[in-house]
Every structure is written in structure tokens, then in C-alpha cells.
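Taking it in order: structure first as C-alpha cells, then the write-up.
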Amino acid sequence: MNKIIGICLILVLITACRKPDETGKEIVFPDKAVFTRMAKDTVPFETNRPVWKIVVYADTADCMGCKLYLDRWKMWMEGTDAPDKDKAMFLFFLYPDDREELQFLLEGDEFDYPVCIDMDNRMGELNGFTADTYLLLDAENRVVLTGNPIADERTKRLYLERIEKKP
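Residue numbers (the numbering used here): 4 to 170.
The following block contains the structure:
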């Protein structure tokens, strides 16, 4: 009897601690988000193009280098298994504690892809993000998949399979 109660208690705790499913939730982008290359040059970057969007939101206050894995993102975006640029775009919203440290990291990793350095955490506040968040959005900015495709090959495969389908 005690085992059954213990198992039930564990199941309740596991389901209570799970992150709520965000599938279908509409993501709101900050007005006038500014994208830069290596935290220097401002570049025009339209977030509302009618394609799939791979959104990376990172609160880099703790450990920028160990959380961002910019080298892995760069390898994927430039690799043969990258999503077709006409079908999917990458949107990086980074909320750093230290802008100069982030700039150093971007330069050191030669990460020349546009990123939004969101010093005011507008993206996080608009969408209720409290931790690093990785999303695949459809053309209407609705969440289709969640999970970090860089950290998990299965998630990456799911992202790519979904992108190849019509939105």
C-alpha cells in the first residue's frame, strides 16, 4: 500500500513540475526590435516574414558561453542539414547581464548572424518567458514545437520535418 501511495505521489509531483505546453500559443515580438551583427552594426531584420521561425530566447545572466552554444547554432545554420533559408529564419533574442561580455562572445565565436540584444527583456516580459526558451513558430507566430534543437538531435529532426511540410 505504501508503494502505491509513493508512486502516486511521485507521479503527481512530476506532472506538477512540468512546464506547461505552449503549443498553439501566439508569440508577440517587441515593437522596433533592433538586430545587430556582433553587437555592433545594426541590420534591418524583419521578424514577420511569412515563414517558419526558429526562436531562441536566452537569459544569459548566469553563464553566457555555456548557455548559448553559438558555435553549434552557427554549424547548424551553415551546415547541410540547415533549414532552407526561404522556409525558415532564426530569431535570436538575448537578454544579457553584461552587453560587453556578450559582444566579446559573439566576436570570439565569429557569430555573424543578426541577434536582438534585449537589454530590457521586452521579449521575455511580453511572452512570460522566465527561462531560456526555444520555439518553432508558424507564419502566424504560433508555437508549433518547443525544445532546443541544438541540444537534442530528436528535437532538431522534428523541427526539420515540420519545416519541410507546408505551414
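Built from N, CA and C at the ideal position, the CB exists for glycine as well.
According to the DSSP secondary-structure assignment, Ile120 is paired through a beta bridge with Leu97. Ranked by Cα distance from Asp121, the first of Gly27, Glu29, Ala36 is Ala36. Restricting attention to Lys28, Pro33, Gly27, the CA atom closest to the CA of Cys119 is found in Pro33.
Around the beta carbon of Gly127, 16 or more other beta carbons lie within 10 angstroms, which makes this residue buried.
Across the set Phe96, Pro117, Glu156, the C-alpha of Phe96 shows the shortest separation from the C-alpha of Tyr60. Under DSSP, the beta-bridge partners assigned to Lys56 are Met92, Leu140. Ile166 is positioned such that its CB atom lies closer than 8 Å to that of Ala91. Scanning its chain for C-beta atoms nearer than 7 Å, with the 5 sequence neighbours on each side dropped, one finds around Thr50 the residues Phe32, Ala36, Leu94, in chain order.
For Phe38, there is no enclosing alpha helix (DSSP H); the enclosing beta strand (DSSP E) has its first and last residue at 38 to 40.
Between the C-alpha atoms of Asp87 and Asp101 there is a straight-line separation of about 33 Å.
About 19 Å separates the CB atoms of Asn124 and Glu29; that is not less than 8 Å, and the two are not in contact.
Just measuring C-alpha positions, the residue of Thr63, Lys77, Val46, Phe38 sitting nearest Glu113 is Lys77.
Nearest to Asp135 by C-alpha distance, out of Val58, Met41, Phe38, is Val58. Around Asp74, the same chain offers Asp112 as residues with beta carbons nearer than 7 Å, after the five sequence neighbours per side are excluded. When the Cα atoms are used, Gln106 and Arg160 turn out to be separated by approximately 30 Å.
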